[in-house]
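**Q** For what it's worth, UniProt numbering labels the leading residue of the sequence shown as 2, then goes sequentially.
Built from N, CA and C at the ideal position, the CB exists for glycine as well.
Here it is, the structure, as structure tokens.
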Amino acid sequence: TYVVLDNCIACKYTDCVEVCPVDCFYEGENMLVIHPDECIDCGVCEPECPADAIRADTEPGTESWVEFNRKYSELWPVIIERKDPLPDAEERDGEEGKLQKYFS
Ligand code: SF4
Ligand code: F3S
Numbered sequence: 002t003y004v005v006l007d008n009c010i011a012c013k014y015t016d017c018v019e020v021c022p023v024d025c026f027y028e029g030e031n032m033l034v035i036h037p038d039e040c041i042d043c044g045v046c047e048p049e050c051p052a053d054a055i056r057a058d059t060e061p062g063t064e065s066w067v068e069f070n071r072k073y074s075e076l077w078p079v080i081i082e083r084k085d086p087l088p089d090a091e092e093r094d095g096e097e098g099k100l101q102k103y104f105s
């Protein structure tokens, strides 16, 4: 599966949802997640993210993010259409400690 990592937080560009063939992105207040059981591993979303926040779970450091994505994809509504990024997306891109600072 592919997963959304913390750099999505406070950016939420949503370019990813537009290319996903199986509509497996779910939307929280300030980030998206991928449902790991619905993702077909096509990989097309990864290069589309302006914040470089999507990774394959074969990459190191992604283990805890699979469970994070699973948990919230079961709580949040599906998102199938692109929308405007969050207002401070450019400024927040790459900022450290986003999970603690902005996740809600
Ligand atoms: Fe959707 Fe493919 Fe990205 Fe999985 S890898 S979330 S199926 S676009
Ligand atoms: Fe987030 Fe990147 Fe999608 S910032 S909403 S994973 S395009």
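#1: Is it a yes or a no for the segment 68-82 touching the segment 41-53, going by three-plus beta-carbon pairs under 8 Å?
#2: Look at the alpha carbon of GLU28 and the alpha carbon of VAL34, and state the distance between them as a whole number of angstroms.
#3: Quick check: does the Cβ of ASP16 come within less than 8 Å of any heavy atom belonging to ligand 2?
#4: With ligand 1 as the reference, list in chain order each residue whose Cβ lies under 7 Å from any of its heavy atoms.
#5: How would you write the range of the beta strand (DSSP E) that ALA57 sits in, first residue to last?
#6: Is there at least one non-hydrogen atom of ligand 2 closer than 8 Å to the beta-carbon of PRO78?
#7: Take PRO51 and list the residues in its own chain whose beta-carbon comes closer than 7 Å to its own, dropping the five residues that flank it on each side.
#8: Are VAL20 and CYS46 close, meaning C-beta to C-beta below 9 Å?
#9: Nearest CA to the CA of LEU100: which residue from GLU92, ALA11, CYS25, ARG56?
#10: With distance defined between alpha-carbon atoms, name the residue in SER105, GLU82, THR63 nearest to PRO22.
**A** Per the coordinate set shown:
#1: no
#2: Here residue 28 is taken as the residue at index 27 of the sequence shown, counted from 1. Here residue 34 is taken as the residue at index 33 of the sequence shown, counted from 1. Whole-angstrom Cα-Cα distance: 7 Å.
#3: For the purposes of this step, residue 16 is taken as residue 15 along the sequence shown, with counting starting at 1. Yes; taking the cut-off as 8 Å, the Cβ of ASP16 has a heavy atom of ligand 2 nearer than that.
#4: THR2, TYR3, CYS17, VAL20, CYS21, PRO22, VAL23, CYS25, PHE26, ILE35, CYS40, ILE41, ASP42, CYS43, GLY44, VAL45, CYS46, GLU47, ILE55
#5: Counting from 1 along the sequence shown, the entry for residue 57 is found at position 56. Per DSSP, ALA57 belongs to the beta strand (DSSP E) from 55-57.
#6: To locate residue 78, count along the sequence shown from 1; it is residue 77. No - ligand 2 has no heavy atom lying nearer than 8 Å to the Cβ of PRO78.
#7: Along the sequence shown, read from residue 1 onward, the residue named residue 51 stands at position 50. So the list reads TYR14, ASP16, once near-sequence residues are dropped.
#8: As a working note, residue 20 is residue 19 in the sequence shown. As a working note, residue 46 is residue 45 in the sequence shown. In this structure, CYS46 lies closer than 9 Å to VAL20 by Cβ.
#9: Stepping through the sequence shown from its first residue, residue 100 is reached at position 99. LEU100 has its Cα closest to that of ALA11, out of GLU92, ALA11, CYS25, ARG56.
#10: Numbered from 1 along the sequence shown, position 21 holds the residue referred to as residue 22. Looking at the Cα atoms, GLU82 is the closest of the given residues.
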